[in-house]
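Have a look at the structure below, then the notes.
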Amino acid sequence: AATWAHGPEAACATALRVARAQGATLTACTLQGEVSTVTARAPTGPFTPTITARAGPPAEPAPPR
8 AATWAHGPEA ACATALRVAR AQGATLTACT LQGEVSTVTA RAPTGPFTPT ITARAGPPAE
68 PAPPR
């Protein structure tokens, strides 16, 4: 998320580096405004789960406390 201001190439390059460091494969990376969405697959035993993460401002304002 910290690299979103440098454009999608920089942000997705960081996501790719992090995914590879964790033994995962980056399958999608998008930036829309201030929101980054990253999807990766990580083989674990006989399974290959897909993981999606979103970074950016909240989708909706937090309710008052």
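Add 7 to a position in the sequence shown, counting from 1, and you land on the number used in this note's numbering. Even for Gly, the Cβ is constructed at its ideal location relative to N, Cα and C. Keep in mind that this is a model prediction, so the values were computed, not measured.
Query                                                                                                                                         : Result
Can you give me the C-alpha to C-alpha distance between residue 69 and residue 62, rounded to a whole angstrom?                               : 16 Å
Using the three-state DSSP reduction, which class does residue 27 fall into: helix, strand or coil?                                           : helix
Just to confirm, are residue 15 and residue 41 a CB contact at a threshold of 8 Å?                                                            : no
Using a 10 Å radius around the Cβ and a threshold of 16 neighbouring Cβ atoms, would you call residue 22 buried or exposed?                   : buried
Within a Cβ cutoff of 7 Å, which residues of the same chain sit near residue 50, ignoring the five residues on either side of it in sequence? : none
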